[in-house]
Amino acid sequence: MSKQDGSSRQVSTTPVEDLTARILHVDMDAFFASVELLEHPELVGKPVIVGHPSARSVVTAATYEARKFGVNSAMPMALALRRCPQAIVLEPHYDRYTRYSGIVMDLFRDITPHVEVLGIDEAFLDVASARRLMGTPWQIGTLIRERVFAETGLRCSVGAAATKYVAKLASSRSKPDGLLVVPEADTLDFLHPQPISALWGVGVKTAEKLERLGLRTIGDVAQTPLDTLSRAVGSATSAHLNALARGWDPRHVVTEHTEKSIGHERTFERDISDTSELEKELLRLSNAVGVRLRRSGVLARTIALKLRFGDFSTISRSRTLADPTDLGRRIYEEARSLYAESGRTGEPVRLIGVRGEQLTGAAADLGLWDDDGDWRDADADARRDHGEVRAHARAARDAARRRPRSPDADARRPDLTVSGRGGNVPSSERAVPSRFGGPPGVPGDGGG
Ligand code: DCP
Ligand code: MG
15 MSKQDGSSRQ VSTTPVEDLT ARILHVDMDA FFASVELLEH PELVGKPVIV
65 GHPSARSVVT AATYEARKFG VNSAMPMALA LRRCPQAIVL EPHYDRYTRY
115 SGIVMDLFRD ITPHVEVLGI DEAFLDVASA RRLMGTPWQI GTLIRERVFA
165 ETGLRCSVGA AATKYVAKLA SSRSKPDGLL VVPEADTLDF LHPQPISALW
215 GVGVKTAEKL ERLGLRTIGD VAQTPLDTLS RAVGSATSAH LNALARGWDP
265 RHVVTEHTEK SIGHERTFER DISDTSELEK ELLRLSNAVG VRLRRSGVLA
315 RTIALKLRFG DFSTISRSRT LADPTDLGRR IYEEARSLYA ESGRTGEPVR
365 LIGVRGEQLT GAAADLGLWD DDGDWRDADA DARRDHGEVR AHARAARDAA
415 RRRPRSPDAD ARRPDLTVSG RGGNVPSSER AVPSRFGGPP GVPGDGGG
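Dropping the structure here:
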């Protein structure tokens, strides 16, 4: 991929007459960091890192000034501060990011209804039908950038191309604060000099295999016979890479979102006010939701918490994540902070529930968009997480066999409610004990 500090930036500086680049990819620049700077104008132009300032945390976002020192998202905070000791570290405020994300997505929908939200700070727009009223993709891209800045004070970058893949690559090339139009006829001239790491779906391992064949650029991949590629990376991957390297990508901008959700909730036998007891239950429910998400091959963009109190009043709180997740730990972090921020801690709770909402595509599809290897780490996490869940479930079962049956064991069995794909979680996975022992302090990952 392009250097994340913007040093190899490509932009369309003068108007482009072309009408073929109908797909726009818009991505906010240094999103979380830029939102934080709105509150700290005195820090504009300085190296700023968003994350928890503890040595164990990771960088959530960094300004382009910090990136010049080699600081990037997902990097351990300790390493980031070694590379850039003068960086100012600001704590994240996820509610602000969600709010700005909503404003920006609404602005996109004013341009065209054909908006596909990809993440908290990025979307595809198909502007084919907007062209008649609003002009060329270059003009529409320029308008979007002006409106976003006027309404929010934030900068974004826009790539316009005939396909999603090339539009996404173009926006990343134009960062920060740029617009790059790649007319359909120029697709291969744009693609072929790019490094193979810019091929959608090529992670470190695949890149190594391709490099062993002596391939350096996307053009090299396009010129390699399919069976040579196949021997190196397998037939499915080679067909995919060959198509992309030739500029083929048939995917459309998909506007619809299926509003399915996966949730687990539990009604207590007696009302519970003790925070640590509620947190334990939240962890258990979160793990169960994570298992179900992974089983279904989907990720949740939004985590919701439901609380019913002793007087039967019920509240829900939810938060949209920067990166959709299927990890119990991640879900738990959000559920726990939603509870802490509910303003109702200490009150007797009758029912507590956790839900993953705005479920999104096959996990593997999302991973293909990943630029920085995060997904692969997350994947390893997910497998480990799943393994741990099973191991704990086994341990809990074995312990239960050794121990006399507790009288309230049945009373404490959770209700499981699932909307979307039906079916209950097998009982072995309901019995997930706390993996953190006691009121859990989950290590902050700084990730959204
Ligand atoms: N994010 C995160 N953890 C990561 C990557 C990103 O929490 N490993 C969050 C913080 C980012 C936001 O998601 O601000 C958007 O991610 P981007 O990849 O778009 O990165 P930025 O917007 O920060 O920078 P840019 O798009 O300019 O490269
Ligand atoms: Mg961004």
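Per this note's numbering, the sequence shown starts with residue 15, numbered consecutively.
Don't be surprised by glycine CBs; every beta carbon is placed ideally from N, CA and C.
Per DSSP, which residues does residue i bridge with? Please list them.
i	result
A76	I63
F138	H39 and E130
P90	V72
A174	L38 and V195
T150	In the DSSP output, where bridge partners are listed per residue, T150 has none listed.
I286	V363
L104	V64
R369	G277 and A318
T374	L313
Say the cut is 8 Å; is the CB of residue i nearer than that to a heavy atom of the ligand MG?
i	result
D191	no
E13	This structure cannot speak to residue 13, because the chain is shown only from 15 to 462.
D124	no
F45	yes
D340	no
M91	no
D41	yes
Could you give the first and the last residue of the continuous beta strand (DSSP E) run that contains residue i?
i	result
R322	L313 to F323
S68	Premise fails: S68 is in no beta strand (DSSP E) and is neither H nor E.
A336	T328 to T339
What are the boundary residues of the alpha helix (DSSP H) that residue i is part of?
i	result
Q208	Counting along the chain, Q208 falls outside any alpha helix (DSSP H), and DSSP gives it neither H nor E.
S252	S249 to A259
A236	I232 to Q237
F46	F45 to E53
V218	V218 to R226
A354	G342 to A354
Please confirm whether any heavy atom of the ligand DCP lies closer than 8 Å to the CB of residue i.
i	result
S143	no
S275	no
V64	yes
S186	yes
M119	no
S71	no
T238	no
D337	yes
G133	yes
A212	no
S543	Only positions 15 to 462 of the chain appear in the structure, and residue 543 is not among them; the question remains open.
A518	In the structure as shown, the chain starts at 15 and stops at 462, and residue 518 therefore has no counterpart that could be examined.
Q372	no
Q24	no
T74	yes
Q18	yes
Hey, is residue i's beta-carbon within less than 9 Å of any beta-carbon in chain C?
i	result
D32	The structure shown contains no chain C; it is built from a single protein chain.
I'd like to know if the segment 259-269 and the segment 202-210 are in contact, where contact means that at least 3 CB-CB pairs between them fall below 8 Å. With a cut-off of 8 Å, the segment 202-210 and the segment 259-269 count as touching, because enough Cβ pairs lie within range.
Does the count of Cβ pairs from the segment 345-359 and the segment 293-310 closer than 8 Å reach three? Touching, per the Cβ criterion.
Sufficient close CB pairs (3 or more, under 8 Å) joining the segment 284-293 to the segment 301-309: Verdict: no, contact absent.
Using 8 Å as the Cβ pair cut-off and three pairs as the minimum, do the segment 69-87 and the segment 19-30 touch? Yes, the segment 69-87 is in contact with the segment 19-30.
Specify whether the segment 101-108 and the segment 122-129 touch according to this definition: at least 3 beta carbon pairs, one from each stretch, less than 8 Å apart. The segment 101-108 vs the segment 122-129: no contact.
Three Cβ pairs or more, each shorter than 8 Å: is that satisfied between the segment 187-197 and the segment 25-43? Taking 8 Å as the limit for Cβ pairs, the verdict is that the segment 25-43 does touch the segment 187-197.
Any contact of the segment 64-81 with the segment 362-373, i.e. 3+ C-beta pairs under 8 Å? Contact between the segment 64-81 and the segment 362-373 is absent: fewer than three C-beta pairs spanning the two stretches fall below 8 Å.
Taking contact to mean at least 3 C-beta pairs separated by less than 8 Å, is the segment 35-45 in contact with the segment 161-178? Counting Cβ pairs under 8 Å, three or more are found: they touch.
Below 8 Å, how does it come out for the segment 331-341 and the segment 106-114: are there three or more Cβ pairs, yes or no? Touching, yes.
Below 8 Å, can you find three or more Cβ-Cβ pairs linking the segment 112-120 to the segment 128-144? Judged by Cβ distances under 8 Å, the segment 112-120 makes contact with the segment 128-144, as three or more pairs qualify.
Three or more C-beta pairs under 8 Å: does that hold for the segment 157-169 against the segment 242-254? Under the three-pair Cβ rule at 8 Å, the segment 157-169 does not count as touching the segment 242-254.
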